[in-house]
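Residue numbers (this note's numbering): 10 to 195.
Shown next as structure tokens:
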């Protein structure tokens, strides 16, 4: 009787705990086997016994990726990764209307005024005493007002350029008319 008990303890070997890698919970009913024919199943605490010497240990359960370990890789705990149900390849057909829809949606909305974007309000006691700061603030206010007027009336440089181009065009048309009248008279 003592001989049988000693032999049973000898075959048990090392303890191995098998857990789920996502939940870190011990797994029940995991099959652990070796190439030599040893086979064990984990209990409700995820514990099973493996031989001390083996070539390759296979740990597997339904819906999990099987894990193969060699003796050097063997630790006291191993984790199984859920396999899940996955499709190997997916092909999507369709039109990408996102850019078109965005353009149509933005066309109805007015653009923001960039000249008003930099207006901020703050209070600083040192600004009350600072003469240079007050002068700069007045200058900035007048420059912004002038730019707003230019937005309404137009840029004087661009207006002068457009007037010069228009005058050249009118002179060219006038010369063409004179040349066509001279040709008709001849």
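The beta carbon of each residue, even a glycine, is placed where N, CA and C say it ideally should be. A quick note: this is a predicted structure, and the numbers were derived from the prediction, not measured.
- Between residue 43 and residue 64, the beta carbon gap of about 7 Å places them in contact (Cβ cut-off 8 Å).
- When secondary structure is reduced to three states using DSSP, residue 48 falls in the strand class.
- A straight-line Cα-Cα distance of about 34 Å links residue 148 and residue 174.
- The count of Cβ pairs closer than 8 Å, one atom from the segment 65 to 78 and one from the segment 105 to 112, stays below three, leaving the stretches out of contact.
- Around the beta carbon of residue 99, a 10 Å sphere encloses fewer than 16 other beta carbons of the protein chains shown; the residue is thus reported as exposed.
- Secondary structure of residue 195 (DSSP, three-state): coil.
- Across the structure, residue 57 and residue 35 are spaced so that their CA atoms are roughly 11 Å apart.
- Straight across, the Cα-Cα distance linking residue 40 with residue 114 is about 59 Å.
- Looking at the DSSP output, residue 23 sits in a beta bridge with 59.
- The residue from 142, 26, 191 with its alpha-carbon nearest to that of residue 52 is 26.
- Taking all protein chains shown into account, residue 66 has 16 or more neighbouring C-beta atoms within 10 Å of its C-beta and is therefore buried.
- Residue 159 has its alpha-carbon roughly 11 Å from the corresponding atom of residue 168.
- A Cβ-Cβ contact shorter than 7 Å links residue 22 with residue 61.
- Annotation for residue 84: no residue places its beta carbon closer than 7 Å to its own, counting only its chain and skipping 5 residues before and after.
- Of the other Cβ atoms in all chains shown, fewer than 16 fall within 10 Å of the Cβ of residue 38; this residue is therefore exposed.
- The beta carbons of residue 28 and residue 46 sit no closer together than 7 Å.
- Under the three-state reduction of DSSP output, residue 35 falls in the strand class.
- Using a Cβ distance threshold of 7 Å, residue 30 and residue 79 do not count as a contacting pair.
- For residue 113, the uninterrupted alpha helix (DSSP H) run begins and ends at 107 to 116, by DSSP.
- DSSP places residue 135 in no beta strand (DSSP E) but in the uninterrupted alpha helix (DSSP H) bounded by 134 to 138.
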